[in-house]
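To start, the structure under review is shown below, and the notes come after it.
In this note's numbering, the protein residues as written are 10 to 147.
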């Protein structure tokens with residue numbers, strides 16, 4: 010689950026050895042609600058079976074047989090949010106134009122400043138922990 014990471018920091022699924030990675034479009038990618046995506050490593054995809062199929066995920070061969078797609082679209086349903094997909098694509102392109110490294114640096118700058126200022130307020134306890142802190146401050 011990379012919902013809080015995608016869009017605010019570079020994420021390399023190959024570097025982290027990821028089989029499946031999901032993300033929402035509405036958080037740090039600044040895309041519309043109801044959008045998101047899933048990455049599935051090709052070799053892992055072959056081990057998965059969809060819970061259900063419709064005409065988007067399989068080809069009907071006869072009244073009693075079908076052939077599932079061999080790619081990730083086997084998990085997609087016929088109903089789709091076309092405007093959301095376009096808008097999510099635009100949000101991703103915008104983030105890539107700015108640069109994920111630059112976005113990450115800016116978020117780090119702002120979150121460090123916020124943590125510092127908050128910790129100076131009597132009675133406020135900043136409780137963030139971890140090797141690398143993100144833009145979410147608690």
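In this text, a Cβ means the ideal position worked out from N, Cα and C, and glycines have one as well.
| Asked | Found |
| --- | --- |
| In this structure, does DSSP put residue 196 in helix, strand or coil? | Lying outside 10 to 147, the shown extent of the chain, residue 196 is not represented and no answer is given. |
| Could you say if the region 67 to 80 and the region 104 to 117 meet the contact criterion of at least three C-beta pairs nearer than 8 Å? | no |
| Quick one: what does DSSP say residue 34 is sitting in, helix, strand or coil? | coil |
| What's the call for residue 90, buried or exposed, on a 16-neighbour Cβ count within 10 Å? | exposed |
| Between the Cα of residue 27 and those of 114, 10, 42 and 34, spot the shortest distance and give me the residue it belongs to. | 10 |
| Below 8 Å, how does it come out for the region 53 to 71 and the region 120 to 129: are there three or more Cβ pairs, yes or no? | no |
| What residue range does the alpha helix (DSSP H) around residue 95 cover? | 91 to 107 |
| For residue 69, write down the residues that DSSP places opposite it in a beta bridge. | 75 |
| Span of the alpha helix (DSSP H) holding residue 53? | 51 to 54 |
| Would residue 93 and residue 41 be called neighbours here (beta carbons separated by less than 8 Å)? | yes |
| Which residues in the same chain as residue 50 place their Cβ atom closer than 8 Å to its Cβ, once the five residues preceding and following it in sequence are excluded? | 22, 27, 28 and 29 |
| With DSSP collapsed to three states, give me the class of residue 29. | strand |
| How would you call residue 111, buried or exposed, if buried means at least 16 neighbouring beta carbons within 10 angstroms? | exposed |
| Please work out which residues of its chain come closer than 8 Å, Cβ to Cβ, to residue 67, disregarding the five sequence neighbours upstream and downstream, and give them in chain order. | 75, 76, 77, 78 and 83 |
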